[in-house]
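Here is the structure we will look at, set down as structure tokens.
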Amino acid sequence: MSSDAEAGAGESSRVEVYPGREIVVDFDPDLTFECVEDCTWCCQHGVLLYEEDFYELAERAPLDETTTQFRGQDFVRKEEKDREEHVGEDGQACYFLRDDGLCSLHAEHDWKPARCSVFPLAVSVEDGEMHVGIRDSAHEHCEGLDVSERRVIDNLDAFLPELLWELDDPASEREL
């Protein structure tokens, strides 16, 4: 992974995430991220399933129990959880969030939908170029920002699955 320049806060830089696949980075290159135990804040938003994710999920779980459609798009279903923290205002979170705070898809199948990999980043398309920034709400709620030595810009391939470049609309801010 290479960048044209190390941008300072508020500046953008172009980074090659995969050979021939670049993204414009719209966040401070010194930003770090690491999931922290018991956070699960990201699990309250509803997981958008791109077509490839939908088929991958079908190999791991019954779709009629675990998914729903909203505005013509497939999402992982949300359900009532007995957790007090990191559920939506409605008390709901992702179907796959276990009582122990882990994702059953990630823990039991070593897989997660692309949308989960992207979190807490936000992908958008501007003037035909794919951009990545930090979700506005992540600065307020995500406990994993700036708590480790793992620089996001050095690990973009872990956050941004290659399939995003194959989509007509990879925007990640769509929620259930």
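Under my numbering, the first residue of the sequence shown is numbered 16, with each subsequent residue one higher.
Built from N, CA and C at the ideal position, the CB exists for glycine as well.
1) State the Cα-Cα distance for the pair Leu112 and Cys58, rounded to the nearest angstrom.
2) Where do the N-terminal and C-terminal ends of the beta strand (DSSP E) with Val167 fall, by residue?
3) Around the Cβ of Asp97, are there at least 16 other Cβ atoms within 10 angstroms (buried) or fewer (exposed)?
4) Using 8 Å as the threshold, is the region 145 to 158 in touch with the region 25 to 39, meaning 3 or more CB pairs across them?
5) Here's the rule I'm using: 16 or more other beta-carbon atoms within 10 Å means buried, otherwise exposed. How should His154 be labelled?
6) Could you give the residue range of the beta strand (DSSP E) that holds Asp89?
7) Could you say if the region 163 to 175 and the region 56 to 73 meet the contact criterion of at least three C-beta pairs nearer than 8 Å?
8) Do you know offhand how far Glu123's Cα is from Thr82's?
9) Can you check whether the CB of Glu52 is closer than 9 Å to the CB of Val162?
10) Output the residue ranges of the alpha helix (DSSP H) runs that lie fully inside the region 27 to 87 and measure 4 residues or longer, sorted by chain position.
11) Per DSSP, what are the beta-bridge partners of Cys1 in this structure?
12) Checking 9 Å against the spacing of the C-beta atoms, do Leu179 and Pro185 come in under that value?
13) I need the DSSP call for Ser119, collapsed to helix, strand or coil.
14) Do you know offhand how far Arg92's Cα is from Leu72's?
15) Roughly how many angstroms lie between the CA atoms of Pro44 and Gly35, to the nearest whole one?
If we stick to the structure as given:
1) 7 Å
2) Run containing Val167: none; DSSP gives neither H nor E here.
3) exposed
4) yes
5) exposed
6) 88 to 91
7) no
8) 18 Å
9) no
10) 66 to 73, 78 to 81
11) Residue numbering for the chain in the displayed model covers 16 to 191; residue 1 lies beyond these limits and cannot be assessed.
12) yes
13) helix
14) 12 Å
15) 21 Å
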